[in-house]
Amino acid sequence: MSLNDLTGAYPERAAERDRWILARRPPRDAVDPWHPNAFLLEEERAESGEIVSVATIFLTNRECPWHCLMCDLWKNTVTESVAPGAIPAQIDYALAELRKRRSAGSEAASPADIPIAGSDRGQGHALGSLVRMPALRQIKLYNSGSFFDPRAIPPEDHAAIAQRVAAFERVIVECHPALVGEPGLKFRDLIETGGGGRPAHGGVIRGGITQRHAGSGLPAAPLRSAAQAGDPAYNAVGRVPSRGGIYGAMYNPCVPGPTPDPSQEGNVSGASAAGLSSSGKAERGFVAAMAQRASPDSADVGGCGKKLEVAMGLETAHPRVLEKLNKRMTLDQFRRAAEFLRRNDIALRVFVLVKPPFLDEAESLVWAKRSVDFAFDCGAAVVSLIPTRIGNGALEALARRGEFSAPKLATLEAAVDYGVGLKRGRVFADLWDLEKFSDCETCFAQRRARLQEMNLRQIAQPPAGCDRCRERAG
Ligand code: SF4
Ligand SMILES: [Zn+2]
5 MSLNDLTGAY
15 PERAAERDRW
25 ILARRPPRDA
35 VDPWHPNAFL
45 LEEERAESGE
55 IVSVATIFLT
65 NRECPWHCLM
75 CDLWKNTVTE
85 SVAPGAIPAQ
95 IDYALAELRK
105 RRSAGSEAAS
115 PADIPIAGSD
125 RGQGHALGSL
135 VRMPALRQIK
145 LYNSGSFFDP
155 RAIPPEDHAA
165 IAQRVAAFER
175 VIVECHPALV
185 GEPGLKFRDL
195 IETGGGGRPA
205 HGGVIRGGIT
215 QRHAGSGLPA
225 APLRSAAQAG
235 DPAYNAVGRV
245 PSRGGIYGAM
255 YNPCVPGPTP
265 DPSQEGNVSG
275 ASAAGLSSSG
285 KAERGFVAAM
295 AQRASPDSAD
305 VGGCGKKLEV
315 AMGLETAHPR
325 VLEKLNKRMT
335 LDQFRRAAEF
345 LRRNDIALRV
355 FVLVKPPFLD
365 EAESLVWAKR
375 SVDFAFDCGA
385 AVVSLIPTRI
395 GNGALEALAR
405 RGEFSAPKLA
415 TLEAAVDYGV
425 GLKRGRVFAD
435 LWDLEKFSDC
445 ETCFAQRRAR
455 LQEMNLRQIA
465 QPPAGCDRCR
475 ERAG
């Protein structure tokens with residue numbers, strides 16, 4: 005590697021960016037493909053307004069094929085696809101460990117009986133403080149990439165995964181917009197039926213794209229994608245002609261599809277929903293057992309029902325900065341993926357970066373606000389504001405060149421104040437490692453508590469901060 009490779013400017017040409025980013029990576033962490041790399045329980049405000057507990061499992065799997073400039077999620081991934089069965093085993097392990105933390109009884113009578121060890125990430129509590137939290141009703145399966153990337157999460161495991169999460173009223177997965185398509189619809193149906201069969205509600209017409217036979221007992225009608233629905237703009241970005249268009253290929257669950265080529269902007273590894281096995285072979289975990297007991301009514305607490313939620317990284321609505329992030333996604337592509345989710349009754353969560361590279365502090369606040377607006381315009385139920393963090397080598401290199409610095413806590417606070425004030429949906433601040441963005445020990449705890457309160461209550465809270473910070477803020 006030449007000195008220029010290590011010290012050179014971030015390439016203007018998209019084709020050279022992967023190499024620049026990869027050259028600056030620190031070593032990958034050692035992870036076990038049969039164990040999740042982390043799991044925790046956190047509190048979150050649900051759509052219904054209730055505070056619910058969320059089991060968040062960080063699955064170990066193959067690295068995401070994109071190489072975004074700000075991403076460090078690859079650190080806890082492996083270089084090859086995990087074996088079928090590994091992901092369900094990881095979920096079983098995490099849920100079993102969480103069950104061990106119950107404060108009383110030998111078996112969970114309901115998800116609400118699971119006590120929480122808390123977390124130091126997101127909206128959770130500090131680790132080590134066993135507290136009884138609200139009902140455990142949601143689960144996040146975050147895989148440091150795209151849940152619907154067939155080389156990350158083996159599609160033949162989808163049914164077994166669905167069985168394990170069927171008791172939760174909300175199942176949240178993450179996905180690059182290019183991979184939002186029909187496998188997501190099939191997985192949606194699987195989690196609504198506990199891993200097999202037709203949807204418990206008998207099938208509904210959803211938004212004009214997906215049609216199901218209501219109560220016919222017949223297999224669901226072939227599902228149509230946004231592209232097949234005649235959206236010319238969507239077709240324009242699909243570049244998988246050998247597969248018959250964006251969603252043209254038949255889906256063989258026993259043969260993982262090729263990893264999408266991120267060099268093809270807008271590439272979508274799509275598939276028809278046909279052929280996905282509904283037989284989960286792995287042993288069912290305790291949550292799946294609860295699913296057997298759960299009545300349809302009990303799964304519908306809060307009026308939200310069981311439902312898939314897909315989290316997509318918008319990162320920023322700044323078109324030029326988004327392009328430089330190397331995510332190989334445009335705002336139009338994001339918008340179309342969001343529309344596909346909306347039409348198919350899948351909730352949308354959006355990740356927005358606070359202060360991505362190439363923006364100064366003032367610009368970053370302006371664009372954080374615009375990004376929140378864009379996310380809600382796309383139908384987001386949740387916007388999660390994530391302060392951009394160093395740690396992947398590339399951002400450190402940009403920082404040395406004066407093209408990146410971490411956001412100030414005040415910028416995150418202002419973005420959250422704005423988003424919550426809109427009242428267009430829930431806006432959460434990611435509180436992980438929040439102290440890294442503070443330069444004042446005097447008032448940090450107070451300011452963190454305020455953000456946590458806003459996360460949970462979704463209403464403005466009185467400003468927090470010591471006199472010195474207030475003076476500096478003017
Ligand atoms: S798409 Fe997401 S997981 Fe993949 S590299 Fe980009 S930020 Fe990381
Ligand atoms: Zn202060």
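Sequential numbering from 5 applies to the sequence shown in this note's numbering. Even for Gly, the Cβ is constructed at its ideal location relative to N, Cα and C.
Quiz prompt | Exposed unless 16 or more other CB atoms sit within 10 angstroms - verdict on P187 | solution = P187 is buried by the Cβ-count criterion.
Check: Is the segment 331-349 close to the segment 390-406, with three or more CB pairs under 8 Å?
Finding: no
Indicate whether the contact test is met: 3 or more Cβ pairs, each with one atom in the segment 25-40 and one in the segment 440-451, closer than 8 Å. Counting Cβ pairs under 8 Å, fewer than three are found: no touch.
| said: Going by beta-carbon coordinates alone, are Q142 and V58 separated by less than 7 Å? | reply: yes
* Asked: Three-state secondary structure (DSSP) at L438?
  -> helix
Considering only residues of the same chain and omitting the five flanking positions on each side of I195, which have a CB-CB separation below 7 Å?
A166, V169, A170, V175, K310, L312
Query - Residues proximal to ligand 1 by C-beta, any heavy atom closer than 5 Å - result: C68, W70, C72, C75, L77, G149, H180
*Mind pulling the beta strand (DSSP E) runs of 3 or more residues that sit fully within the segment 334-417?*
351-358, 386-391
Run the proximity test for G469: is its beta-carbon closer than 6 Å to any non-hydrogen atom belonging to ligand 2? yes
Strictly by DSSP, which residues pair up with Q142? V58, R174
Worksheet item: Based on the DSSP output, what are the partners of V82 in its beta bridges?
Response: R66
Practice item. Name the one or two DSSP bridge partners that G317 has. Key: F355
Count Cβ pairs between the segment 79-86 and the segment 13-28 that sit closer than 8 Å; are there 3 or more? no
- Task: Report the residue from A98, N459, T64, L102 whose alpha carbon sits nearest the alpha carbon of A87.
- Result: T64
May I ask you to check if the CB of T446 is nearer than 6 Å to at least one heavy atom of ligand 2?
yes
Assuming the contact rule is C-beta atoms closer than 8 Å, F408 and A321 should be a hit. Round their C-beta distance to whole Å, please.
Not a contact, Cβ separation roughly 18 Å.
| said: Rounding to the nearest angstrom, what Cα-Cα distance links L102 and A13 in this structure? | reply: 46 Å
To the nearest angstrom, how far is the alpha carbon of G469 from that of D443?
Whole-angstrom Cα-Cα distance: 11 Å.
### Task
Check whether the Cβ atoms of P2 and M74 lie closer than 7 Å to each other.
Any question about residue 2 goes unanswered here, given that the chain covers just 5 to 478.
Which of helix, strand or coil DSSP assigns to E445: coil
Worksheet item: Does the Cβ of L426 have 16 or more other Cβ atoms within 10 Å, making it buried, or fewer, making it exposed?
Response: exposed
For E48, is the classification buried or exposed, using 16 other Cβ atoms within 10 angstroms of its Cβ as the cut-off for buried?
buried
When the distance is taken between beta carbons, is P391 closer than 7 Å to L416?
-> yes
- Query: Quick one, which of E365, P31, H71 has its alpha-carbon nearest K331's?
  - Reply: It is H71 whose Cα lies nearest to the Cα of K331.
On the premise that A34 lies in contact with V184, defined as a C-beta separation below 8 Å, what is that separation, rounded to the nearest angstrom? Not quite, the Cβ-Cβ distance comes to about 31 Å (not below 8 Å), so this is no contact.
| message | Can you tell me which residues form a DSSP beta bridge with A163? | response | As far as DSSP is concerned, A163 takes part in no beta bridge.
E48 (DSSP reduced to helix, strand or coil): In the structure shown, the three-state DSSP call for E48 is strand.
query = In this structure, what does DSSP give as the bridge partners for N312?
reply = Checking the sequence, you will find Leu at residue 312 rather than Asn. V175, per the DSSP bridge assignment.
request  = Go ahead and label Y238 buried or exposed: buried means 16 or more other beta carbons lie within 10 angstroms of its beta carbon, across all protein chains shown.
outcome  = Note that Y238 has pLDDT 26, beneath the 50 cutoff, so the model's placement of it is unreliable and no number is given.
Nearest to C382 by alpha carbon, out of V325, K412, L318?
L318
Check Q465 in the structure and name its three-state DSSP category. Q465: coil per DSSP, three-state reduction.
Using a threshold of 7 Å, state whether the C-beta atoms of I157 and I95 are closer than that. no
Practice problem: Assuming V358 contacts V376 (C-beta within less than 8 Å), just tell me the rounded distance between them. | Solution: That belief does not hold up - the Cβ atoms of V358 and V376 are roughly 10 Å apart, past 8 Å.
Worksheet entry | Host beta strand (DSSP E) of V325 (start-end) | Taken as a continuous stretch (DSSP letters only), V325 belongs to no beta strand (DSSP E), being part of the alpha helix (DSSP H) at 323-328.
Review point. Cβ atoms of C68 and G149: under 7 Å apart, would you say?
Key: yes
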